[in-house]
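Undergrad: Line by line, the protein sequences give chains A and B. Mapping to numbering that gives the first Met the number 0: the first sequence position 240 is 239, numbers consecutive. Mapping to numbering that gives the first Met the number 0: the second sequence position 206 is 205, numbers consecutive. Dropping a structure here in C-alpha cells format, bear with me for questions.
Number of protein chains: 2
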Amino acid sequence: MTGAPTSRVLLGPGPSNVHRRVLRALSRPLVGHLDPIFLELMQEIQDLLRFAFRTANRLTIPISGTGSAGMEACLVNLIEPGDKVIVGVNGVFGTRMVDIVGRCRGVAIPVEAPWGEIVEPESLLEALRANPDARAVCVIHAETSTGAWQPLQELGEALSQTETLFVVDAVTSLAGAPLYVDDWHIDACYSGTQKCLSCPPGLAPLTLSEKAMAILRRRSSAVQSWYLDLSMIEKYWGEERAYHHTAPVSMNFALAEALRLVREEGLEARWTRHRRHHEALREGLAAMGLPLAAQVGRQLWMLNSVGIPDGIDDADVRSFLLRDYNLEIGGGLGPLQGSVWRIGLMGESSTKANVLLVLTALERALKARGYDFPAGAGAGIEAAAASLATG
Amino acid sequence: MTGAPTSRVLLGPGPSNVHRRVLRALSRPLVGHLDPIFLELMQEIQDLLRFAFRTANRLTIPISGTGSAGMEACLVNLIEPGDKVIVGVNGVFGTRMVDIVGRCRGVAIPVEAPWGEIVEPESLLEALRANPDARAVCVIHAETSTGAWQPLQELGEALSQTETLFVVDAVTSLAGAPLYVDDWHIDACYSGTQKCLSCPPGLAPLTLSEKAMAILRRRSSAVQSWYLDLSMIEKYWGEERAYHHTAPVSMNFALAEALRLVREEGLEARWTRHRRHHEALREGLAAMGLPLAAQVGRQLWMLNSVGIPDGIDDADVRSFLLRDYNLEIGGGLGPLQGSVWRIGLMGESSTKANVLLVLTALERALKARGYDFPAGAGAGIEAAAASLATG
C-alpha cells in the first residue's frame with residue numbers, strides 16, 4: 000500500500016473509474032455537517048439527483064450507505080409485517096430483495112425467470128391480479144449479476160392504476176440508461192454511486208413518490224431500522240435540518256461533483272455513449288466467438304455478461320488481466336460463478352479506448368491459453384472498430 | 000461551492016479536522032473492492048482497528064455506514080424479540096439506544112441519570128440484579144451530547160461473571176481516551192471515524208467478543224437488517240471474501256491512513272495530548288466564568304460542554320465564530336439546545352493552537368455582546384497558557 004498508487008482500468012461490475020474532478024472533491028478539507036456550506040451542498044445534491052432520476056419527488060436524497068442500504072431503506076420503510084410483496088427474481092439482486100422482505104416480516108411472492116432473462120411484465124401483473132392487495136411490485140432494472148435489462152414502462156403504467164407501489168432497483172442503470180421515475184410511475188427507486196455515476200461506493204441515491212410517502216406516513220408500526228428511517232432522514236435533509244446522523248461529508252462532496260459531470264454531459268448524451276460502447280463491445284466479442292450471455296434484445300449497455308469458453312479458467316484469466324494490464328473485469332456471482340465474466344462499461348469507464356483495450360487484452364489472454372478464434376485473431380478488434388465507426 | 004474551498008477549524012462534536020495524508024488517501028484512484036490490493040488493505044485495517052480498540056477479537060471491522068449504523072449493527076445482531084436490554088440513559092445517545100432496542104422488539108430497561116452526569120455503575124448493576132436474564136447492558140462511553148465520561152471497568156468486570164453482554168458506544172472516545180476492549184471485558188464496541196480518529200464520517204469501526212459472537216450464532220431468528228447482518232459481513236471481511244455489499248473503497252483508504260497516523264503517534268501519547276488540551280481549555284473557560292457543564296471529575300477530554308451565559312444568544316455567537324474565524328463549535332442537542340455550547344478537541348483538532356484560538360475567539364464574541372468577564376478580559380488565555388506550560 001506504500002509507494003505509487005496503482006491505477007486500474009475498472010471494467011468490472013463497479014466501482015467504475017472516477018473522474019479526477021471527483022477525486023479532487025473527495026480530498027477537499029472538511030466542513031461540519033451542519034455548516035451553511037454543507038447545507039447548501041445538500042440542497043444542490045437533491046436538485047441534481049432529481050435531474051438524474053427525472054423526478055420532481057421532494058424526498059430525493061443520498062442514503063448514507065452503499066446501494067444495498069438503498070434497497071433495504073426502500074423495503075423497511077414501505078413494508079409492514081404481513082404485507083405481500085411481489086418480487087421479480089432473475090438474479091442475485093431480486094433474490095436479495097426476497098430475503099429482505101422476509102426480514103421485514105412481509106410475505107414475498109417471487110416471480111421467477113431464468114438468470115439472464117427478464118421477468119416478463121405480464122407474469123408480474125398476473126401475480127398482482129392474484130394478489131391485488133400486494134403492497135408493492137419490485138424489480139431490478141439492471142440485473143448486475145446477469146446483464147439483463149428489465150423493461151419498466153408497461154409495469155409502471157399498470158401499477159399507477161392501483162394501490163400497489165412500484166419499487167425499482169436502479170443501482171446499475173442510473174445515468175447509464177434511460178430511466179424516467181415520474182413518467183414511468185415509479186414510486187420508490189434507489190441507486191448506488193459507484194456504477195454509472197462514477198463516484199466511489201458509499202452512498203445510495205433514493206427517491207420516493209408521494210404515493211410511497213403516503214404509505215410511509217400511514218404506517219402503524221415503527222420502521223425497524225433507526226438508521227434508515229426515512230421519516231427521520233427527511234427532516235435532516237429537509238427544511239428542519241433536524242440532526243439524525245452525521246452525513247458522510249467527503250462522500251457528499253464527491254457525489255455532488257459526479258452529478259455535476261453528469262449534468263454537464265447531459266443525460267441523453269451519456270445514455271448514447273453507454274449504448275455505443277456496449278454495441279462495439281458486443282460486436283467485438285461476437286466476432287471472437289464470445290456472445291453475450293443475457294437474453295437477446297434485453298442486454299444492458301453498462302454490464303455485459305460473457306460466457307467463458309470451455310477449457311478456459313475464469314480466475315486465471317482475470318488475474319492475468321489485472322496483473323499484466325491493470326485491467327479489472329468481474330467474475331460471475333452465485334450459480335454463474337466460473338461460467339461468465341462480467342464486463343462493465345459504466346460511467347467514466349465507458350470509453351472507446353476501454354472497449355478496444357478489453358478486447359485486445361482478452362484476445363492476448365485467450366490466445367496464450369490455446370483458445371481457437373472462430374474468425375481468426377484480430378477479428379474482434381476489427382468488428383468493434385467497425386461498430387464504433389458507424390455507431 | 001465553486002472557487003477556493005473554505006478551510007474550517009472544526010471544534011464541534013465531529014467531524015474533526017482531517018490530516019492532509021488522510022485527504023490524500025481519499026483522493027487515491029480507485030481499485031475494485033475484490034482487488035488483491037483492497038483485500039490486503041482490509042487485512043491491514045482490521046489489524047489497525049484491533050490495535051486501536053486494544054482487542055484480539057477476530058470480528059473487528061468497519062461497518063459501511065456512520066457511527067449510528069455501528070450502534071444499530073450491534074443491537075440488531077445481538078438482540079432478539081423479547082430480550083431484555085439494560086440501557087444507561089443520560090443524553091441523546093442512550094435515548095437513541097432505547098429507541099433501537101424497541102425497534103428490535105427487545106424490552107429496554109432504561110437506567111436514567113440527569114444529562115451531564117454519568118450513570119452510576121451501581122445503578123446499572125442493580126438493574127441487572129433485578130433482571131439477571133438481561134441480554135445486555137449498554138452504555139455510552141463518551142456522551143457527546145453532554146460531555147459526560149462513563150466509567151467502564153467496574154461494569155465490565157461484573158458483567159464478565161454473567162451471561163449478560165457488555166455493549167459500549169465508543170463513537171467519540173476511541174483513540175481520544177483510554178479504552179481497553181479486552182481488559183475491560185467489553186463484548187460489543189463501536190465507534191465513528193469522524194471524531195478522535197480524524198477521518199471523514201462514513202464508517203463505523205466495530206468489534207465483537209467471542210461471547211457476543213456465540214450469541215449471534217445461537218440466534219433463532221434472522222437479523223432484521225440484511226445490510227448490517229454481521230454473520231454475512233464477517234464472511235466478506237474474513238477468509239471467504241464472500242460478496243455481500245461493495246465496501247466504500249475510498250473511505251477505507253482514508254480510514255487506513257487515519258489509523259496509521261494513530262499508530263505512529265501511539266495511543267497513550269494521543270490520549271495524553273487530548274487530556275492536556277482539555278485541561279487547558281477547561282482552565283481557560285473557568286477563568287472566563289464559563290465552567291464546564293458536565294459532572295466534575297467525569298468530564299470528557301475530547302468534548303467540552305459549556306453553559307451559555309445569560310443574555311448571550313447561542314446561534315448568534317456560533318455564526319460569528321464561523322463567519323469571522325472559520326471556526327466551528329457545536330450547539331446543544333435536545334433539551335440542551337440553546338443552553339450549552341459543545342467544544343470538541345478531537346483527533347487532529349486537539350492542538351495547543353486551537354485551544355488558544357477558541358478561547359480568543361469566544362472572548363471577542365462575548366466582549367462584543369457585553370459579557371462581564373469576572374476576572375477581566377484576557378484571563379482565559381492566561382489561565383490556558385499557564386496550564387499548557389505546566390501540563
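Beta carbons are placed, not taken as given, at the ideal position from N, Cα and C, and that holds for glycine.
Provide the residue span of the alpha helix (DSSP H) that contains Gly330(A), from first to last.
TA: Translated into the one-based positions of the first sequence, residue 330(A) becomes position 331. Element bounds for Gly330(A): not the alpha helix (DSSP H) but the beta strand (DSSP E), 326-330.
Undergrad: Look up Leu9(A) in the DSSP assignment and give the residues it is bridged to.
TA: Residue mapping note: residue 9(A) aligns to position 10 of the first sequence, counting from 1. Note: Leu9(A) sits in a beta bridge opposite Glu327(A).
Undergrad: Determine the burial state of Ala241(A): buried for a count of at least 16 other Cβ atoms within 10 Å of its Cβ, exposed for fewer.
TA: To locate residue 241(A), count along the first sequence from 1; it is residue 242. It counts as exposed.
Undergrad: Can you give the beta carbon distance from Ser123(A) to Leu151(A), rounded, assuming they're within the 8 Å contact cut?
TA: Counted from its first residue, the first sequence places residue 123(A) at position 124. Counted from its first residue, the first sequence places residue 151(A) at position 152. With the sequence shown as reference, residue 123(A) is identified as Leu, and Ser is not the correct amino acid for it. About 11 Å; that fails the 8 Å criterion.
Undergrad: Please list the segments of the alpha helix (DSSP H) lying wholly inside the region 240-282 of chain B, counting only runs of 4 or more residues, in order along the chain.
TA: Within the region 240-282 of chain B, the complete alpha helix (DSSP H) runs of at least 4 residues are 248-264.
Undergrad: Going by DSSP, which residues form a beta bridge with Asp312(B)?
TA: To locate residue 312(B), count along the second sequence from 1; it is residue 313. DSSP lists no partner for Asp312(B).
Undergrad: Can you check which of these residues, Ala384(A), Ala133(A), Leu321(A), is closest to Ala364(A) by C-alpha distance?
TA: Sequence index remark: in the first sequence, residue 364(A) carries index 365 (1-based). When only C-alpha atoms are compared, the closest one is Leu321(A).
Undergrad: Could you give the distance in angstroms between the alpha-carbon of Ile44(B) and the alpha-carbon of Val30(B)?
TA: One-based indexing of the second sequence puts residue 44(B) at position 45. One-based indexing of the second sequence puts residue 30(B) at position 31. Their backbone Cα atoms lie some 16 Å apart in a straight line.
Undergrad: Report yes or no: is there a C-beta of chain A within less than 8 Å of the C-beta of Asn16(B)?
TA: Your numbering for residue 16(B) matches position 17 in the second sequence. Judged by the 8 Å Cβ criterion, Asn16(B) is in contact with chain A.
Undergrad: Give the single residue among Tyr189(B), Ala51(B), Leu227(B) whose Cα lies nearest to the Cα of Gly175(B).
TA: Within the second sequence, residue 175(B) is the residue found at index 176, counting from 1. For the residues Tyr189(B), Ala51(B), Leu227(B), the minimum Cα distance to Gly175(B) belongs to Ala51(B).
Undergrad: Which residues in chain A sit within 7 Å of Asp98(B), going by Cβ to Cβ distance?
TA: On the second sequence, position 99 is the one that residue 98(B) refers to. Chain A residues near Asp98(B): Trp225.
Undergrad: Look at the alpha carbon of Leu74(A) and the alpha carbon of Ile99(A), and state the distance between them as a whole number of angstroms.
TA: Numbered from 1 along the first sequence, position 75 holds the residue referred to as residue 74(A). Numbered from 1 along the first sequence, position 100 holds the residue referred to as residue 99(A). Their backbone Cα atoms lie some 7 Å apart in a straight line.
Undergrad: Out of curiosity, what's the CA-to-CA distance linking Gly105(B) and Ala129(B)?
TA: Working through the second sequence from its first residue, we reach residue 105(B) at position 106. Working through the second sequence from its first residue, we reach residue 129(B) at position 130. Straight-line Cα distance between these residues: approximately 17 Å.
Undergrad: Find out if the Cβ-Cβ distance for the pair Leu289(B), Trp114(B) is shorter than 8 Å.
TA: In the second sequence, the residue the question calls residue 289(B) occupies position 290. In the second sequence, the residue the question calls residue 114(B) occupies position 115. No, Cβ-Cβ distance for Leu289(B) and Trp114(B) is not below 8 Å.
Undergrad: Bridge partners of Asp98(B), per DSSP?
TA: Within the second sequence, the letter at position 99 stands for residue 98(B). None; Asp98(B) has no bridge partner.
Undergrad: With Thr389(A) as the anchor, note down where its alpha helix (DSSP H) starts and where it stops.
TA: As a working mapping, residue 389(A) is identified with position 390 in the first sequence. From DSSP, the alpha helix (DSSP H) with Thr389(A) extends over 378-389.
Undergrad: Grouping DSSP H, G and I as helix and E and B as strand, with all else coil, what is His18(A)?
TA: Against the first sequence, residue 18(A) aligns to sequence position 19. Looking at His18(A) - three-state DSSP - the assignment turns out to be coil, as it is neither helix nor strand.
Undergrad: Quick check on DSSP: helix, strand or coil for Asp168(A)?
TA: Against the first sequence, residue 168(A) aligns to sequence position 169. Strand at Asp168(A).
Undergrad: Measure the alpha-carbon distance for Glu238(B) versus Val86(A) and round it to whole angstroms.
TA: On the second sequence, residue 238(B) is found 239 positions in, with the first residue counted as 1. On the first sequence, residue 86(A) is found 87 positions in, with the first residue counted as 1. Using only the alpha carbons, I get a separation of about 32 Å.
Undergrad: State the CB to CB distance for the pair Leu202(B) and Pro247(B), rounded to an integer number of angstroms; the pair is presumed to be in contact (CB under 8 Å).
TA: The count along the second sequence starts at 1 and reaches residue 202(B) at position 203. The count along the second sequence starts at 1 and reaches residue 247(B) at position 248. Yes, Leu202(B) and Pro247(B) are in contact; Cβ-Cβ is about 7 Å, under 8 Å.
Undergrad: Listed from N- to C-terminal order along the chain, which residues in the region 232-243 of chain A have their beta-carbon within a distance smaller than 9 Å of any beta-carbon of chain B?
TA: Tyr242, His243
Undergrad: At 9 Å on the CB atoms, spell out the chain A contacts of Asp186(B), in chain order.
TA: In the second sequence, counting from the first residue as 1, residue 186(B) sits at position 187. In chain order: nothing, as chain A lies at least about 21 Å away.
Undergrad: Using only the alpha-carbon positions, how far apart do Val88(B) and Glu111(B) sit?
TA: Within the second sequence, the letter at position 89 stands for residue 88(B). Within the second sequence, the letter at position 112 stands for residue 111(B). Our two residues, Val88(B) and Glu111(B), have alpha carbons roughly 5 Å apart in a direct line.
Undergrad: In chain order, what residues of the same chain have a beta carbon less than 8 Å from the beta carbon of Arg216(B), not counting five sequence neighbours either side?
TA: The residue labelled residue 216(B) in the question sits at position 217 within the second sequence. Closer than 8 Å at the Cβ level, and outside the excluded window around Arg216(B), lie Ser230.
Undergrad: With distance defined between alpha-carbon atoms, name the residue in Ile139(B), Pro109(B), Glu121(B), Ser144(B) nearest to Ile328(B).
TA: Counting from one through the second sequence, the residue named residue 328(B) turns up at place 329. Of the listed residues, the one whose Cα sits closest to Ile328(B) is Ser144(B).
Undergrad: Smallest Cα separation from Thr94(A): which of His243(A), Leu332(A), Val8(A)?
TA: Against the first sequence, residue 94(A) aligns to sequence position 95. With distances taken between Cα atoms, Thr94(A) lies closest to Leu332(A).
Undergrad: Note down, in chain order, every chain A residue with its Cβ under 9 Å from the Cβ of Glu327(B).
TA: On the second sequence, position 328 is the one that residue 327(B) refers to. For Glu327(B), the chain A residues whose Cβ falls inside 9 Å of its Cβ are Val30, Gly31, Leu33, Asp34, in order along the chain.
Undergrad: Would you say Arg134(A) and Leu77(A) are within 8 Å of each other, going by their C-beta atoms?
TA: Within the first sequence, numbered from 1, the residue matching residue 134(A) stands at position 135. Within the first sequence, numbered from 1, the residue matching residue 77(A) stands at position 78. It is a contact, given that the beta carbons lie within the stated cut-off.
Undergrad: Report the neighbours of Arg7(A) on chain B: residues whose CB is nearer than 9 Å to its CB, in chain order.
TA: Counted from its first residue, the first sequence places residue 7(A) at position 8. Under the 9 Å cutoff, chain B gives Pro28, Leu29, Val30, Gly31, Asp34, Ile36.
Undergrad: Buried or exposed: Thr389(A), going by 16 or more other Cβ atoms within 10 Å of its Cβ?
TA: Here the question's residue 389(A) lines up with position 390 in the first sequence. Under this definition Thr389(A) is an exposed residue.
Undergrad: Whose CA, out of Ser338(B), Gly296(B), Val354(B), Ala286(B), lies closest to the CA of Phe372(B)?
TA: Here residue 372(B) refers to the residue found at position 373 of the second sequence. Residue Ala286(B) is the option with its Cα nearest to Phe372(B).
Undergrad: Going by DSSP, what residues sit across from Leu205(B) in a beta bridge?
TA: Locating residue 205(B) in the second sequence gives position 206, counting from the first residue. In DSSP, Leu205(B) forms a bridge with Ile60(B), Tyr189(B).
Undergrad: Taking 7 Å as the limit between beta carbons, can you name the residues of its chain near Leu254(A), skipping five residues before and five after?
TA: Looking up residue 254(A) in the first sequence gives position 255. Excluding sequence neighbours, Leu254(A) sits near Ile44, Pro61, Thr192, Cys198, Leu202.
Undergrad: Verify the CB distance criterion: does Pro247(B) have a CB-CB separation below 8 Å to chain A?
TA: Numbered from 1 along the second sequence, position 248 holds the residue referred to as residue 247(B). Chain A contact via Cβ: present.
Undergrad: In chain order, what residues of the region 262-278 of chain B put their CB closer than 7 Å to some CB of chain A?
TA: none
Undergrad: Going by alpha carbons, who is nearest to Arg281(B) out of Gly310(B), Val357(B), Phe252(B), Arg259(B)?
TA: In the second sequence, counting from the first residue as 1, residue 281(B) sits at position 282. The candidate whose alpha carbon is nearest that of Arg281(B) is Val357(B).
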